Amino acid sequence: IPPVLKNRENELVKTLKVTSREITVSLYDNGTIDKDTVSVYLNKRLVVDKKMLSLSPITLTIQLDDDNDYQELVMVAENLGEIPPNTSLMVVKAGSQQFEVRITSTEQKNAVVVFKYEPPK
294 IPPVLKNREN ELVKTLKVTS REITVSLYDN GTIDKDTVSV YLNKRLVVDK KMLSLSPITL
354 TIQLDDDNDY QELVMVAENL GEIPPNTSLM VVKAGSQQFE VRITSTEQKN AVVVFKYEPP
414 K
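Read in order, the letters of the sequence shown correspond to residues 294 to 414 in our numbering.
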């Protein structure tokens, strides 16, 4: 486990139940573009390394399958930007579903979003 995940509090921000196996996650700076920089871990693996949030999204595609219908995304603040704390807007698209999650992270606390696949009924 990376030290930044072990040494900081990991706060669950949201659990999203999705009916699509493919999820697109887009991260934007929330509010003022103030040089917030983040790293993102998916299931404790680094997938975004020290990228600055802006009006242009940082985009990830996540696959959920029968063996892995639960995915944990952790957003780590690499800095607090010019206006603390580090804030972002996460837009999640899963098939016809769309979610917006506002995320705040600090140098003491990471933000966790969980994706749970539930087949359509």
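Even glycine gets a Cβ: it sits at the ideal position worked out from N, Cα and C.
No experiment lies behind these values; they were computed from the predicted model shown.
Under the three-state reduction of DSSP output, Lys299 falls in the helix class.
Runs of the beta strand (DSSP E) lying entirely within the segment 329–406, each at least 3 residues long, are 330–335, 338–345, 351–356, 363–370, 379–387 and 390–398 in chain order.
In this structure the segment 337–344 does not touch the segment 388–399; the number of beta carbon pairs closer than 8 Å is below three.
Taking the C-beta atoms as reference points, Val367 is found no nearer than 8 Å to Leu305. By the 16-neighbour rule on beta-carbons within 10 angstroms, Thr380 is buried.
Taking 8 Å as the cut-off, the beta carbon of Val384 is found closer than this to the beta carbon of Ser319.
It is roughly 9 Å from the alpha-carbon of Pro378 to the alpha-carbon of Asp329.
Within the same chain, Thr330 come within 6 Å of Asn372 by CB-CB distance, once the 5 residues on both sides are set aside.
Annotation: the continuous beta strand (DSSP E) that includes Asp322 extends over Glu315 to Asp322.
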